[in-house]
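See below for the structure under consideration.
Residue numbers (the UniProt record's numbering): 1 to 284.
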């Protein structure tokens, strides 16, 4: 939700904007119920500083920010900020983990930019080939993307090894597309590969937090601004958001390429089902 985005960007805010952010984080419900003058007073800043804070987060001003905050608080489910503990029963874990994941997806739905999605689809639909780069957990998302996109009829590949994707990036040319995936957006090796791809003329779609080094290099940025929790017992629900964006792009590309292409996909699915039946029959 919006509060997670604020937490994520705290270190990048100016000193005065940070005061506003902390005031909102400490009293989000109160912020929704007060005017800009009251928030400026509680944060000990001027009203123009509050407006700058809102614009830094990507909103036109105070009213749009306040509306998004209210929507986020209204949609949030219980359990979002509760950490799993050693004493939790199975029912507690189900509630906390599912609520965290659901809130992540609700926040994604409310903030995903349709215009950025369309621009990305325009690039992908014209690409000679599509490559997906990611490292660590993002490497798993890249592999999932390759699995979904290879059915598009466009050559696709996924790389998680920084040495390999740096070589691959240097070979990309005009007409190729790279989708760079990162939950933090500051991996030096991934940034280097994206620079190599851009130098060769490839279009680069970035799935990463806004305001990061990787985001600055994007031809098209699909910002995913979520908080990262370092508790090893807490699932990285942010990964779900990235997987859903990949699904949106994969389905969007299939639809954009028209009915003839969808028929080919159906034939591929039918071939897979026939293979499964033959394999099951062989084992039986």
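Yeah, the Cβ is synthetic: ideal placement off N, Cα and C, and Gly gets one too. Here the structure is a predicted model, which means the values were calculated and not measured.
With DSSP collapsed to three states, give me the class of residue 223.
Here residue 223 sits in strand by DSSP.
When you compare each of 223, 178, 58, 32 to residue 72 by their alpha carbons, which one comes out closest?
That would be 32, whose Cα lies nearest to the Cα of residue 72.
Which whole-angstrom value is the C-beta distance of residue 209 and residue 215, which I expect to be below 8 Å?
Their Cβ separation, rounded to whole angstroms, is 7 Å, which keeps residue 209 and residue 215 in contact under 8 Å.
Between residue 196 and residue 169, is the Cβ-Cβ spacing less than 7 Å?
With respect to the 7 Å criterion, residue 196 and residue 169 are classified as neighbours on the basis of their beta carbons.
Classify residue 185: buried if its beta carbon has 16 or more other beta carbons within 10 angstroms, exposed otherwise.
Counting Cβ neighbours within 10 Å, residue 185 comes out buried, since at least 16 surround it.
Note down, in chain order, each residue of its chain lying with its Cβ closer than 7 Å to the Cβ of residue 155, except the 5 sequence neighbours on either side.
Taken in chain order, the residues that qualify are 129.
Between the alpha carbons of residue 2 and residue 221, how many angstroms are there, rounded?
One C-alpha to the other measures close to 18 Å.
What would DSSP say about residue 157, mapped onto helix, strand or coil?
Strand at residue 157.
Comparing alpha-carbon positions, which option in 239, 268, 45 lies nearest residue 105?
Closest by alpha carbon: 239.
Alpha carbon to alpha carbon, how far is residue 250 from residue 271? Give it in angstroms, no decimals.
Going from the Cα of residue 271 to the Cα of residue 250 covers about 20 Å.
Classify residue 190 as helix, strand or coil using the three-state DSSP reduction.
The three-state reading of DSSP puts residue 190 in helix, counting H, G and I together.
Can you list, in chain order, the residues of its chain with a C-beta nearer than 6 Å to that of residue 230? Leave out the 5 residues immediately preceding and following it.
Any reading at residue 230 needs caution, since the residue's pLDDT is 48, under 50, leaving its predicted position unreliable; the model's value is listed next. Taking C-beta separations shorter than 6 Å and ignoring five residues to either side along the sequence, residue 230 has no partners in its chain.
I'd like to check one pair, residue 100 with residue 237: are the Cβ atoms closer than 7 Å?
Using a Cβ distance threshold of 7 Å, residue 237 and residue 100 count as a contacting pair.
Here's a check: name, in chain order, each residue in its chain whose Cβ is nearer than 7 Å to the Cβ of residue 79, leaving out the five neighbours to either side.
Because the pLDDT at residue 79 is just 49, under 50, the model does not fix this residue reliably, and the point stays unresolved.
Rank 52, 213, 109, 15 by C-alpha distance to the C-alpha of residue 183 and give the top, closest one.
That would be 213, whose Cα lies nearest to the Cα of residue 183.
What distance in whole Å lies between the Cβ atoms of residue 166 and residue 193, which are believed to be in contact at a cut-off of 8 Å?
Yes, residue 193 and residue 166 are in contact; Cβ-Cβ is about 5 Å, under 8 Å.
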